[in-house]
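To start, the structure under review is shown below, and the notes come after it.
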Amino acid sequence: MLIDFHSHILPRADHGSDSLATSLKQLELAKAARVGTVVATPHFYPHKMTLESFLDRRNKCHSKLAEAYDGPVNIRVGAEVMVCRGLERMEGLEQLCVDSTNVLLLEMPSGKWSNSLIDTVIELDDDPRFNVVLAHIDRYDISWVKPLIDYGINCQINAVAMVKLFSRKKYLNLIDRGSVVALGSDIHGTEVGYKHYTAAVRYMGDRTAVVMNRTARLIGGSYR
Ligand SMILES: [Fe+2]
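Counted from 1, the sequence shown has number 49 at position 17 by the working numbering; the numbering is strictly sequential.
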């Protein structure tokens with residue numbers, strides 16, 4: 033079964049979907065791409081919003097979608113959490129994990145990473161309450177990500193990383209090394225939809241099942 037581990041499909045939870053109609057269309061596209069489970073990961077920006085307000089909005093948006101959708105795609109709920117200094121001390125952070133798991137999707141900033149940010153990711157991963165997954169590592173300079181990969185942090189790649197030949201080889205390698213545990217569409221709106229995701233599944237070949245198996249175990253609670 034295909035799992036999309038990173039998506040923005042909750043209506044008006046963030047800029048990923050502007051309406052219920054858009055979210056339903058996104059789920060139609062997921063179904064057409066033979067995706068069985070979509071993990072909804074709306075953005076959580078700790079410097080812009082409180083945990084309470086985020087959870088309240090996210091849960092309402094999820095309920096609205098779950099009530100309206102009667103298709104076959106299974107929707108799981110998590111968050112894409114922007115890493116900031118001191119995040120490891122945020123009370124209630126475990127509420128941002130995917131459903132009732134300890135899986136926490138962390139997003140690093142696009143600018144150069146400080147050592148304290150890297151330490152925050154490591155401290156969170158060392159915390160037994162969390163199993164960290166680093167979001168879309170293909171978006172960053174690989175030399176920035178390397179210390180975290182070497183530490184054994186689990187990584188997620190966006191489907192688009194598989195589309196370009198140059199980056200494809202690099203990330204196929206990281207799949208083989210066991211560093212990549214999930215594939216994401218990172219869908220926003222409906223324009224690109226699952227085009228890249230479908231291409232990635234094709235380019236990954238036998239490795240697709242390997243990655244999906246890792247993701248299934250991760251959100252089933254048995255992958256570390
Ligand atoms: Fe995202």
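Glycine included, C-beta positions come from ideal geometry on N, C-alpha and C.
Just so you know, the alpha carbons of residue 94 and residue 208 end up roughly 35 angstroms apart.
Each of 112, 218 has a C-beta closer than 5 angstroms to some heavy atom of ligand 1; these make up the full list, in chain order. An exposed status is given to residue 82, since fewer than 16 other beta-carbon atoms sit within 10 Å of its beta-carbon. Apart from the 5 residues on each side of it in sequence, residue 77 sits with its Cβ closer than 6 angstroms to the Cβ of 114 in its chain, given in chain order. DSSP, read as helix, strand or coil, puts residue 204 in helix. Membership of residue 113 in any alpha helix (DSSP H) is not indicated; the residue belongs instead to the beta strand (DSSP E) covering 112-114. According to the DSSP assignment, residue 193 belongs to no beta strand (DSSP E), since it is labelled neither H nor E. Proximity to residue 179 across 192, 151, 156 peaks at 151, based on C-alpha coordinates. Looking only at 175, 38, 105, 134, the smallest Cα-Cα distance to residue 158 is reached by 134. One Cα belongs to residue 34, the other to residue 233, and the distance between them is close to 9 angstroms. Looking at 206, 60, 222, 252, the one whose alpha-carbon comes closest to that of residue 240 is 206. Judged by DSSP secondary structure, residue 157 falls within the alpha helix (DSSP H) whose first and last residues are 147-158. Shortest Cα-Cα distance from residue 162 to any of 247, 88, 109, 128 involves 128.
The beta carbon of residue 187 is closer than 6 angstroms to those of 166, 169, 211, 212 in its chain, skipping five residues each way along the sequence.
In this structure the segment 137-150 does not lie against the segment 92-108, because fewer than three pairs of beta carbons, one per stretch, are closer than 8 angstroms. Secondary structure note for residue 107: its beta strand (DSSP E) is the uninterrupted segment 106-109. Minimum Cα-Cα distance from residue 235 among the listed residues 247, 198, 41, 141 corresponds to 198. Using a Cβ distance threshold of 8 angstroms, residue 191 and residue 217 count as a contacting pair.
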